[in-house]
Amino acid sequence: MATAAETLPAPDPSALLAWYDRHRRRLPWRAEADERADPYRVWLSEIMLQQTTVKAAGPYFLRFLQHFPDVAALAASPLEEVLKLWAGLGYYSRARNLHACAQAVMERHGGAFPSAEVDLLALPGVGPYTAAAIAAIAFDRPAVVVDGNVERVVSRLFAVEAAMPGAKPRLKALTATIAPAKRPGDFAQATMDLGATICTPRKPACALCPWDDPCLARARGDQESFPRKAAKADRPTRRGVAYWVERPDGAALMRSRPPRGLLGGMTEPPTGVWSETVDLAAPLGRLAEEAPLSADWRRLPGVVTHVFSHFALDLAVLAAVVPQATPAPAGARWVARRDLDGEALPSVFRKVVAHARADAGPARSKSASL
DNA sequence: TAGGCGTGGAT
DNA sequence: TATCCAAGCCT
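Count the first sequence with the working numbering and you get residues 12 to 381, in order.
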């Protein structure tokens, strides 16, 4: 007796490409059907889109393009400017590598992105997916482009039982078996568009799918269970104290985080150690022990909560106003109120700023109205 | 090789 | 509210 797989047709790339020609998404970084893609824009967008939604990346892409119209402009910019523009987008090593990559393209390749996958792979922040994507989309090279969308599509097409991430090599090999020799860039983008709009993680719209017929998971009716995934570790909660120090003129005490690691190179208010063992119910004197300077600390009501990829964070906020002439402690600096928005402040610390301002705000506006 | 590394939106 | 997840890379 024949298995289900033997009765199914092979996935036809031309069916997918025909679908793509009718339904391709118009995206800020994507060339029109009759245009040649700009490698700089393809690269910039691919970095921004790593683990990031199209919606979130869009405004950042346009802003970057405005500030840095080409790779030379980006390479010539201080890293600090890049981090400021990237603030809020997350995964900040991408911004640091973006800058390093721009400089590498200038130095190693005379300012022109290489078209060979192996050369792309050698650039900072460019891994197997991104190298293949740039080669295929920007240079029409026959690279096998496998991202999360493609993994989902292919795991369903072939009902791959192996769990992620171990199944990745198998999925890439399977993708290679269905990739056409022609239009590699369009095929890559078509597969990703299919995953993003039809073959979605939940409730895939199989009735609209150009690969409905050859899909083994669909034939079995358990398409939503692919790709198989191992259970993920639970997320601990760390706690810590943030110190909001203001001068009478509204300037706030800020510092820069170490250049690598979590939020590397980004701006922060001084904070103490973040740990599961910190007790936010401790008395004020205890919470003030890690303060950057001695002051008349006041604990703000409430807690700032934030969720990172691998832990959650609860921050108590201690606030103080210090004399105008107070020097910034070593490693810290005063940032004028109007300059704070432009700082490389990640979202977690924008929450701290908002929390502190919200506490001070009503009192200020009240006294101002009197 | 598995864990570090952000964020905000959808369900 | 809790969980999942979105065009991954680096070590």
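Glycine included, every Cβ here is placed at the ideal spot set by N, Cα and C.
Keep in mind that this is a model prediction, so the values were computed, not measured.
Would you mind sorting residue i into buried or exposed? The rule is 16 or more other CB atoms within 10 Å of its CB.
| i | result |
| --- | --- |
| V256 | buried |
| Q105 | With the sequence shown as reference, residue 105 is identified as Arg, and Gln is not the correct amino acid for it. R105 is buried by the Cβ-count criterion. |
| R167 | buried |
| Q200 | buried |
| G276 | buried |
| Q234 | buried |
| D350 | exposed |
| P215 | buried |
| D290 | exposed |
| P373 | With a pLDDT of 45 at P373, under the threshold of 50, the modelled position of this residue cannot be trusted; read the value that follows with caution. Result: exposed. |
| A295 | What sits at residue 295 in the sequence shown is Leu, not Ala. Its Cβ having fewer than 16 others within 10 Å, L295 is exposed. |
| P24 | buried |
| R107 | buried |
| S358 | exposed |
Taking only the alpha-carbon atoms, compute the straight-line gap between residue i and residue j and give it to the nearest angstrom.
| i | j | result |
| --- | --- | --- |
| A170 | Q77 | 44 Å |
| V332 | Y254 | 11 Å |
| D53 | W40 | For the record, residue 53 in the displayed sequence is Val; it is not Asp. When rounded, the distance between both Cα atoms is 6 Å. |
| S376 | R368 | For S376, the predicted model reports a pLDDT of 29, less than 50, meaning its position is unreliable; a value from the coordinates is still stated below. Approximately 11 Å between the Cα atoms of the pair. |
| K179 | P139 | 12 Å |
| I148 | P247 | 40 Å |
| V284 | G251 | 6 Å |
| S378 | A262 | Residue placement at S378 cannot be trusted, given a pLDDT of 23 that sits under 50; what the coordinates show is reported in the next sentence. So the two alpha carbons sit approximately 19 Å from each other. |
| L219 | W345 | 57 Å |
| A242 | A174 | 10 Å |
| R152 | E91 | 34 Å |
| A68 | P20 | 37 Å |
| P269 | T202 | 39 Å |
| A244 | P176 | 14 Å |
| V65 | P281 | 33 Å |
| P303 | E118 | 41 Å |
| E172 | D370 | 53 Å |
| S286 | R47 | 51 Å |
| A293 | T337 | 28 Å |
| A44 | L38 | 12 Å |
| Y71 | P89 | 18 Å |
| A190 | Y103 | 33 Å |
| R239 | V165 | 12 Å |
| L329 | R309 | 6 Å |
| S267 | L185 | 46 Å |
| F75 | L131 | 21 Å |
| T278 | F150 | 38 Å |
| A343 | C217 | 56 Å |
Which residues does DSSP list as the beta-bridge partners of residue i?
| i | result |
| --- | --- |
| A331 | V256 |
| S267 | T278 |
| K95 | Answer is none; K95 lacks a bridge partner. |
| L325 | Looking at the sequence shown, residue 325 is not Leu but Asp. Bridge partners of D325: R250 and T316. |
| W54 | According to DSSP, which records beta bridges pairwise, W54 is partnered with nothing at all. |
| R309 | A330 |
| M175 | K240 |
| S286 | R250 |
| W345 | L264 |
Pop quiz: residue i and residue j are said to be a contact at Cβ under 8 Å. What is the actual Cβ separation, rounded to whole angstroms?
| i | j | result |
| --- | --- | --- |
| A113 | L85 | 4 Å |
| V116 | L134 | 7 Å |
| F382 | R163 | In the structure as shown, the chain starts at 12 and stops at 381, and residue 382 therefore has no counterpart that could be examined. |
| G136 | I58 | 6 Å |
| G122 | A83 | 6 Å |
| I145 | P80 | No, I145 and P80 are not in contact; Cβ-Cβ is about 19 Å, not under 8 Å. |
| A111 | V155 | With a Cβ gap of about 26 Å, A111 and V155 do not count as contacting. |
| F322 | R249 | 5 Å |
Taking 7 Å as the cut-off, is the C-beta of residue i nearer than that to any heavy atom in the ligand NAP?
| i | result |
| --- | --- |
| K243 | This structure simply doesn't include the ligand NAP, nor any ligand for that matter. |
Checklist entry - Counting pairs of Cβ atoms below 8 Å between the region 212-232 and the region 307-326, do you hit three or more? => result no
Checklist entry - Touch check for the region 26-35 and the region 185-203: three-plus C-beta pairs under 8 Å? => result yes
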